[in-house]
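Residue numbers (the UniProt record's numbering): 1 to 589. All C-beta atoms, glycine included, are put in the ideal place defined by N, C-alpha and C. Comments concern the structure below.
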């Protein structure tokens, strides 16, 4: 099989090899690297490498880990460190930590390719989630090392047990094949990009010398289409620019602006020229062929003016941000579906009137609520694709309104960045690592977190785990508990930071720093009680458990319990200082 398929490397787990049967495990033309577990059934790993590939075995000190490591060298170029690993089912946490430390040492040295049976059937490698915390720890740790798991299909029954991990884009064309021999695991095949063989791209050249022009003329003549009405690309572009310019001018005129202003804008958008100045030297003038100048203040104003009436006549709630438009409608009531359909029709008419089309391929529909009839909706005669998750302004919104996907994504991005910091910075001093953590890693965990704050313990843990790893990286703190590390570094846990952030945002709403309509976010509590402060908020009624954890509901009790000197702070900075003093007093009790 190996000769027929021209295989260069073969990784085997659960070899059952021993010194007694060396005669039947050697393969001509291949070097064998192995680690046996004599007296322990079903363990051991092996790696066969073709003799024409230069390899060196890497010795590892941990004897209780089933692994073998080699370096692959082509010419004078070391491509990667290759490892084969077997992790037995139910392996104790201590050995899991030793295994992760071994992988980290190899990954820190450069590009790696790791193959093996990790026996993690409950892990979803797309979302990096698992059925238990211990299983989740492994994919999160691998993610922190910037290791990518590239096997996407099950290798044993419905589970992905056999993994390929890499950190350098070396692996390509991964295919899960048939079972080999009596094994109940499927084989996994892939290619390694060595960088030794250049890619020869073939350019397709049309030979017009062999063209039958007589036949082409006949086909054009007999065609039902009027070919004379078709315009060239430049003509079409000129027509489009002219149509858009006309639409913008018409929109400005409809606002009854002064005719001189409209004419000035028309000339500003027409036949513009530009030049480049470098060290006082001017280039020749060049014609600007694009539309509204990008990055200009007036360009943004014109765009906002252009779309200002898009919501007119629409019954549903319309949310606009830049070029993104959302319509929200309640459809579980009589006439709700037809109202949504009518709103989409009005968007279509607006688009046709002002010559600004929607990208139908990017238009999606998300059905919220258990009683949603999940009707089919169309725009421009195209059925809108239904989606269960959508990223909106950097936050993943799920149709069940849970935040697990967003937590996994945030933790994944933060772990990758932490891995980059760990590999790129050799110093482990707190003065070096902590500013980098605060500037590069923590923002991934806290971006817009007041909206998607987790309330399930598994989601809270997956975020906190990133900061736990970051504080462990500091010299002299690895053996201390998490709380001791936080105290030494003068830091809060992420959960406490979210508490603090909630109160800061509430303060901004109550004090009017956020310019929103009064009563649209919070309602003041009307009470004759003299105890407490005068800025107490009223809790709204709700039925769902998800609503209970929403920002406007979860902050009410904490805000109402704050002392007067905290809520009556005049500025945000004063409020932060008063909050910190208040929490310090509570912690001492």
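Per-residue burial, residue i [other beta carbons within 10 Å of its own, 16 or more giving buried]
i           : result
residue 559 : buried
residue 132 : exposed
residue 167 : buried
residue 17  : buried
residue 441 : buried
residue 152 : exposed
residue 108 : exposed
residue 33  : buried
residue 412 : buried
residue 277 : exposed
residue 456 : exposed
residue 44  : buried
residue 507 : buried
residue 542 : exposed
residue 7   : exposed
residue 516 : exposed
residue 406 : buried
residue 584 : exposed
residue 118 : buried
residue 35  : buried
residue 514 : exposed
Alpha carbon of residue i to alpha carbon of residue j, nearest angstrom
i           : j           : result
residue 160 : residue 94  : 23 Å
residue 409 : residue 263 : 49 Å
residue 547 : residue 485 : 35 Å
residue 568 : residue 575 : 8 Å
residue 366 : residue 139 : 30 Å
residue 110 : residue 392 : 36 Å
residue 79  : residue 194 : 6 Å
residue 438 : residue 527 : 42 Å
residue 69  : residue 481 : 33 Å
residue 179 : residue 12  : 13 Å
residue 525 : residue 104 : 55 Å
residue 552 : residue 399 : 20 Å
residue 257 : residue 451 : 40 Å
residue 492 : residue 582 : 15 Å
residue 466 : residue 421 : 13 Å
residue 463 : residue 488 : 21 Å
residue 90  : residue 66  : 14 Å
residue 15  : residue 46  : 7 Å
residue 396 : residue 86  : 35 Å
residue 265 : residue 351 : 22 Å
residue 143 : residue 128 : 9 Å
residue 343 : residue 470 : 49 Å
residue 499 : residue 588 : 18 Å
Residue i vs residue j beta-carbon contact at 7 Å
i           : j           : result
residue 329 : residue 316 : yes
residue 377 : residue 384 : yes
residue 267 : residue 275 : no
residue 171 : residue 190 : yes
residue 419 : residue 145 : yes
residue 535 : residue 556 : no
residue 113 : residue 150 : no
residue 403 : residue 435 : no
residue 164 : residue 115 : yes
residue 27  : residue 48  : yes
residue 579 : residue 564 : no
residue 375 : residue 314 : no
residue 251 : residue 306 : yes
residue 247 : residue 157 : no
Helix, strand or coil at residue i [DSSP, three-state]
i           : result
residue 578 : helix
residue 311 : coil
residue 372 : coil
residue 377 : coil
residue 285 : coil
residue 275 : coil
residue 194 : coil
residue 407 : helix
residue 199 : Confidence is the limiting factor: at residue 199 the pLDDT is only 45, short of 50, which leaves the residue's position unreliable, though a coordinate-based value still follows. Three-state result, residue 199: coil.
residue 537 : strand
residue 567 : helix
residue 354 : coil
residue 518 : coil
residue 189 : strand
residue 399 : coil
residue 425 : coil
Minimum Cβ-Cβ distance from residue i to chain C less than 7 Å
i           : result
residue 192 : Any reference to chain C falls outside this structure, which holds one protein chain only.
key: Contained alpha helix (DSSP H) runs [length at least 4] in the stretch 112-182, N- to C-terminal order   = Unbroken alpha helix (DSSP H) runs of no fewer than 4 residues, entirely contained in the stretch 112-182, are found at 133-144, following chain order.
Every unbroken alpha helix (DSSP H) within the stretch 30-115, with a cutoff of 4 residues, ordered by chain = As for any alpha helix (DSSP H) of minimum length 4 sitting wholly inside the stretch 30-115, the runs are 93-108, ordered along the chain.
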